[in-house]
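Step one of this worksheet: look at the structure below.
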Amino acid sequence: MQKLVVIGAGMASGRMLEHLFETVPDSYEVTLFNAEPRGNYNRIMLSPVLSGEKSYAEIVTHDEAWYESHGVHCRFGERVTGIDRDARVVRGENGDVPYDKLVIATGSTPFIVPLPGHDLDGVVAYRDLEDTNRMIEAAGPGRRAVVIGGGLLGLEAAAGLRLRGMEVTVVHLMGHLMERQLDEAAGYLLRRALGDRGIDVICSANSKEILGRDGKVRALMLDDGTELPCDILVMAVGIRPASALGKVAGVETGRGIVVDAQMRTSDPDILGLGECVEFDGQLFGLVAPLYDQAKVAAATLAGAPAAFRPREVSTKLKVTGCDLFSAGDFAEGEGREDIVFRDPGRGIYKRLVLRDDRIIGAVMYGDTADGNWFYGLMKDGTDVSDMRETLIFGPSFQGGAPADPMAAVAALPDDAEICGCNGVCKKDIVTAIGGGASTLDAIKATTKASASCGSCSGLVEQLLAVTLGDGFVRDTVKPVCACTDLTHEDVRRLIKSQELKSMPAVMQELGWRTSCGCHVCRPALNYYLLADWPLDYRDDPQSRLVNERNHANIQKDGTFSVMPRMWGGMTTPEELIAIAEAAKKFGAAVKVTGGQRIDLLGIRKEDLPEIWADLNDAGMVSGQAYTKGLRTVKTCVGSDWCRFGTQDSTGLGIKLEKRLWGAWTPHKVKLGVSGCPRNCAEATCKDVGVICVDSGYQVGVAGAAGMDVKETERLVDVATEEEAIEWTVAFVQLYRENARYLDRPYKWVAKVGLDWVKEVLVDPTARADLVARFDLSQTVYQKDPWAERTDAATRRAWAPLADLSQEAAE
Amino acid sequence: MMGDVIETTQRAFVGVTEVWVPKDGRLIHATGDYGGRSAFEVASVVESFGPGEGLPGKAWAEARPVVLKGFDGSYFKRIEAAREAGLTSAVALPVFDGDELTAVLVVLCGDDDTTTGAIEVWKERDGLLLLEDGYYGAAKHFEWVSQHTHFPRGQGLPGGVWAAQTPILMRDLGSGYRFIRAESAGRAGLTTGLGLPVPVPGGETYVATLLSARGTPIARRFEIWDAREARVGKARGGKGGGCKGGGAVLIDGICEREGPLWNEDTPRRAAVWEGPVGQALGSGLPQVLSGAASVAAGYASMVALPIHRGGEVAHVVAWYV
């Protein structure tokens, strides 16, 4: 009998021993070392043990009797101190053991982020039963836990600690949870489900320091200064192969112990197995490939041919009630297409990623019934072109069903719920159609289907088409884009009424057909969200048009224009000198604009941060000539200088500009203030134009002087400057809250009617509320983008890629 | 280890379990396990209840779980027969499919100060689950502690069930938890807890828990079956993979005789109409079996209770004595 020594009694080596005893039961005398004082247990079920939903006894895979029956010499709780390859001996704390074959299955160690304070008492990793018991010991009602890491393990720890009564906050570096397994949309649903369990989640959060008191953890501090008090801090940010033993023994190691397809290390009598190994540059953390490795290692020990081949793995999260499935690759990429299905009422999101008519990735939340079927198609590389149209509905729609998405609707049973909001089923709608309802509006009126969130309107229309055939004529309302059937107006209304505060929330709850929108809907949604929820939503630069991303207007030759603000068209000699110097330094062409400002043209992208810094130093801020926001307030010189001036029009213009700048609006907004009816500031063709008269101020709105030319309409006449400002700000806020994206004020007013605008604004309370909401938004958004982008990081980002072809040529 | 010793002489915490179903505007007797209390059985099978009448009728009319401790002078209709059978308390759990009542499950217990266990009803008020009422047998201290406990979403067995909208089975109730209630549970000998949502029409949230003690167990085997279409697929078959089989999968379970019943890799499946769990799935009605050969693991009786959600039987919980 040969002597086999196994170091590590984890799941991989346990499975290997099972295979070995099955295939060659009498070939080896086995000695099994384990640093933990116990044998093999189902480590991935530690989370239910933490939560109390399983007991440790239930997750023991091999008990004492099993080891005894297979004659395994157990050296549990004993560390291996070294391997003497020449003497072919494993050195344990309690003595040496000779080997003919050796298997290193030492697993992995949790990665501890080396934050200040990481060695405080109460900072724990999550790896084994000891860690689990430490967490159980620390848990209790009213106590607080912070979990760093929003991956599988971190979230399972969070859910377990919550069930044990703790107040739990998850801190995650990335923008959404489980970013390696889930896309943003599924991450949103998971976050919502955890929120329903009372678990706080903070994404895009950078931990800075672990704070302690008397050697014990008391809080985690984030880099924005936020302190999260805690009695225990769980670090679940990843694992590293425990390959030190192999390295010291002199077998080849990279990130892990390097093995071949037979699981042999560089020493053919030593095998590596599990999380400690590296194969073909890959590391392994999920159990499925480890079991494959175990089978191969057993075969190698038995002298049978076998080869390990990494395969796609699927992921499950062990948090009761959270159903998710993830497999393969679902990042954006060339030549890939998405199939997306959402059911907002039931909280379901399914996405398949296809390339060359084959599934290469699948993400599901809420309905995972077809996960294994998709996974099978993916593993087998099945050509799915024949079932492309109904693929997302799963296997029950394949085979006999014609490849027509309408067939899926036709096949729905009578009691299938169509409108989750109002509990309307297919039969109700078909009955209503039979009763004469032949349009979407008629169905809304008679059954209430799609009358609330509207996300089922596409399905209702399909039902109308299925039932009425060519007798159904679709409403001609234009949806936002191909991602949805909803109009801009619907989306705005629903963002408010359903309190949707993030892009994934809008797309899920309103049933977007794509996983993350398109170039048409994203900028609109980004605007609607930041306008409606200034404190909750964070502006997404990636959803902005190119000029807004660069904070400068790109010109036909690829250079940019730079335009500082001149408040109300006023400037100073010092500002002019700074502008002149900047123009000379960066070789700019200089243009005086119709908006009473100076434009510096021909600036190279890489020079932008520097010229911004120079102009900032002279006290100027961005004129934001590129934004959907306030552009200029054009004024005349007014009563200070002009013989005809009735009021201080320049002063009012400056006040208005200083109040309104920085605010995002559906489209650009230009103002004008003229000091008398002669109207030198051309205020009567602006979005808001104020004409000063002897009795006060005439505030007009909805003018235009571009593709369309239109005179302003009188909104109100007021006596004081304060009132003129209040009405102007309230009007702009009303426009911000109600207009569709890319409608200038004159287009919006034409749709809603000036009478409605007046009706709203004439109410002093409503006006004051609008002004208050505008001012609240300005606390977030009235910031000079130049000042925020003159640092080194921005300079690097704005710098061109190096032209290496020149260097190569030289 | 579980399964090492089976106490065959254990006394049951629950004396009688019965199912009442609506017919022609009244609740009539459908099935029951009377544990040899034949006189009470005879008195029961001929009984019927209108809305608001007796305990089942009250659960129906008020659309909520009802706990009744002490029958004398109460609205309970079978007081005499119950007294003779030694039954003193009862809990009625209505089974609603949306707005429609499909059945009322009634469990009756004898209050003799020697049996320990708990059947509780928790109700959400102001964002917290508070004890509506419960029957505890001899576990008086635990009853007092429970009356002074509340659970936020996601915390403890009731809060976990509330947040996850799914039945949950917890082990080792008396150890490892820092809840005051857990310490008391440990002292009362409570070991295993089954929590389940009790959906009712309207917006109220109810969670029921069955907390079992080793000496006088409510059950010696518990099972939780997941039957949601989102988990098991549509009932009609499809080709490929076989994952769209309908029915239900056993997501958790523990048995004194067979140990853990869950299997992550190959969970047990129940087909619709096959066996008591399958019949609960197919009919949407609670099943009570006693003395039948089909009761798993040789137990004397079992209850399979369907939980409806979103127009389907979402879960079935089963317990065996």
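Protein sequences, first through last, are from chains A and B.
Under my numbering, the residues of the first sequence are numbered 18 to 827, in order.
Under my numbering, the residues of the second sequence are numbered 9 to 329, in order.
Each residue gets a CB set at the ideal place from its N, CA and C atoms; glycine is no exception.
Please read these numbers as outputs of a predicted model, since none were measured by experiment.
ask   = Roughly how many angstroms lie between the CA atoms of Leu307(A) and Leu290(A), to the nearest whole one?
value = Those two C-alpha atoms are separated by around 7 Å.
inquiry  = Please report whether the beta-carbon of Ile365(A) lies at a distance below 8 Å from any beta-carbon of chain B.
reply    = Closer than 8 Å to some Cβ of chain B, the Cβ of Ile365(A) qualifies, so yes.
key: Under 7 Å (Cβ pairs) to chain B, residues found in the segment 174–198 of chain A   = Only those residues of the segment 174–198 of chain A whose C-beta falls short of 7 Å from the nearest C-beta of chain B are listed: Arg179, Leu180, Arg181 and Gly182.
task = Give every residue of the same chain whose Cβ lies closer than 6 Å to the Cβ of Glu184(A), excluding the five residues on either side of it in the sequence, and list them in chain order.
result = Once the five neighbours on either side are set aside, the close Cβ partners of Glu184(A) are Arg161.
message = I want to verify the contact list: residues of chain A whose CB lies under 9 Å from the CB of Lys131(B), in sequence order.
response = For Lys131(B), there are no neighbours in chain A by C-beta distance under 9 Å, as the nearest C-beta there is about 18 Å away.
query = Going by other Cβ atoms of all chains shown within 10 Å of its Cβ, with 16 needed for buried, is Tyr47(B) buried or exposed?
reply = For the record, residue 47(B) in the displayed sequence is Ala; it is not Tyr. Of the residues assessed, Ala47(B) falls on the exposed side of the cut-off, its CB having fewer than 16 other CB atoms within 10 angstroms.
inquiry  = Assuming Gly118(B) and Thr96(B) are in contact, meaning their beta carbons sit under 8 Å apart, how far apart are those beta carbons, in whole angstroms?
reply    = 6 Å between Cβ atoms; contact.
query = Applying a beta-carbon distance threshold of less than 9 Å, which residues of chain A neighbour Pro268(B)?
reply = Correct list: Lys71, Ser72, Ala74, Glu75 and Ile76.
key: Nearest candidate by alpha-carbon position, reference Lys20(A), set Thr78(A), Lys312(A) and Leu119(A)   = When C-alpha distances from Lys20(A) are compared across Thr78(A), Lys312(A) and Leu119(A), the shortest belongs to Leu119(A).
task = Please confirm if Arg161(A) has its CB atom under 8 Å from at least one CB of chain B.
result = For Arg161(A), the answer is no, since every Cβ of chain B falls outside 8 Å of its Cβ.
request  = Assign Trp270(B) to one of three DSSP states: helix, strand, or coil.
outcome  = If DSSP states are grouped into helix, strand and coil, Trp270(B) belongs with coil.
Contacting residues, own chain, Cβ-Cβ under 7 Å from Phe128(A) (five flanking each side not counted) = Within the same chain, Phe128(A) has close Cβ partners Val254, Gly255, Ile256 and Arg257.
Chain A residues whose Cβ lies nearer than 8 Å to that of Thr174(B) = Correct list: Thr337 and Gly338.
query = By the criterion of Cβ-Cβ separation under 8 Å, what are the contact partners of Asp432(A) in chain B?
reply = Under the 8 Å cutoff, chain B gives Gly319.
task = State buried or exposed for Arg197(A), treating a residue as buried only when at least 16 other CB atoms are found within 10 Å of its CB.
result = Under this definition Arg197(A) is an exposed residue.
query = Residues of chain A with CB under 8 Å from Leu137(B), in chain order?
reply = Chain A residues near Leu137(B): none, gap ~12 Å exceeds 8 Å.
query = From which residue to which residue does the alpha helix (DSSP H) around Asn543(A) run?
reply = In the DSSP annotation of this structure, the continuous segment of the alpha helix (DSSP H) that includes Asn543(A) starts and ends at Cys538 to Asp549.
ask   = Using a Cβ-Cβ cut-off of 7 Å (strictly less than) and excluding sequence neighbours within five positions of Leu408(A), which residues of its own chain qualify?
value = Answer for Leu408(A): Ile356, Leu369 and Val401, listed in chain order.
task = Taking 8 Å as the threshold, find out whether the segment 48–62 of chain B comes into contact with the segment 88–95 of chain B through three or more Cβ pairs.
result = Result yes; three or more Cβ-Cβ pairs closer than 8 Å.
Whole-Å CB distance - Leu207(A) paired with Leu199(A), under 8 Å assumed = Yes, they are in contact, since the Cβ atoms of Leu207(A) and Leu199(A) sit about 7 Å apart, within 8 Å.
query = What is the C-beta distance between Gly378(A) and Phe347(A), in whole angstroms, given that I count them as a contact (C-beta under 8 Å)?
reply = 4 Å between Cβ atoms; contact.
task = Take Gly142(B) as the anchor and find which of Pro160(B), Leu116(B) and Arg195(B) has the nearest alpha-carbon.
result = With distances taken between CA atoms, Gly142(B) lies nearest to Leu116(B) out of Pro160(B), Leu116(B) and Arg195(B).
request  = For Val265(A), count neighbouring C-beta atoms within 10 Å of its own C-beta (all shown protein chains included) and say buried if the count is 16 or more, exposed if not.
outcome  = Counting Cβ neighbours within 10 Å, Val265(A) comes out exposed, since fewer than 16 surround it.
query = Which class does Met62(A) belong to by DSSP, given the choice of helix, strand or coil?
reply = In the three-state reduction of the DSSP assignment, Met62(A) falls in the helix class.
request  = Could you have a look at Arg197(A) and say whether DSSP puts it in helix, strand or coil?
outcome  = Arg197(A): coil per DSSP, three-state reduction.
query = When the Cα of Tyr58(A) is compared with those of Thr78(A), Ser68(A) and Ser712(A), which residue comes out closest?
reply = Answer by Cα proximity: Thr78(A).
key: For Met28(A), three-class secondary structure by DSSP   = Secondary structure at Met28(A): helix, using DSSP grouped into helix, strand and coil.
ask   = Unbroken alpha helix (DSSP H) runs of length 4 or more, entirely within the segment 144–225 of chain B: which are they?
value = Those alpha helix (DSSP H) runs which fall completely within the segment 144–225 of chain B and span 4+ residues are 148–155, 164–172 and 188–196.
message = On a Cα-Cα basis, can you pick out the residue from Val654(A), Cys659(A) and Phe661(A) that is closest to Val690(A)?
response = Comparing Cα-Cα distances from Val690(A) to each of Val654(A), Cys659(A) and Phe661(A), the minimum goes to Val654(A).
inquiry  = So Asp384(A) contacts chain B; which residues on that side make the cut at Cβ distance below 7 Å?
reply    = What Asp384(A) touches in chain B: Ala238.
query = When you compare only the Cα positions, how much space is there between Ala104(A) and Val114(A)?
reply = Their Cα atoms are separated by approximately 10 Å.
inquiry  = What does the Cβ neighbour count give for Gln613(A), buried or exposed, with the cut at 16 atoms within 10 Å?
reply    = Buried is the label assigned to Gln613(A), since at least 16 other Cβ atoms lie within 10 Å of its Cβ.
inquiry  = Can you confirm whether Gln163(B), when its beta carbon is compared against all beta carbons of chain A, has any partner nearer than 8 Å?
reply    = Gln163(B) counts as touching chain A.
task = Take Ile742(A) as the anchor and find which of Val483(A), Ser260(A), Lys367(A) and Asp792(A) has the nearest alpha-carbon.
result = For Ile742(A), the closest alpha carbon among the candidates Val483(A), Ser260(A), Lys367(A) and Asp792(A) is that of Asp792(A).
ask   = Can you give the beta carbon distance from Val774(A) to Leu677(A), rounded, assuming they're within the 8 Å contact cut?
value = Beta-carbon to beta-carbon, Val774(A) and Leu677(A) are separated by about 17 Å, too far to satisfy the 8 Å threshold.
Contact under 8 Å by Cβ, Ile512(A) with Asp549(A) = Yes, they are a contact pair.
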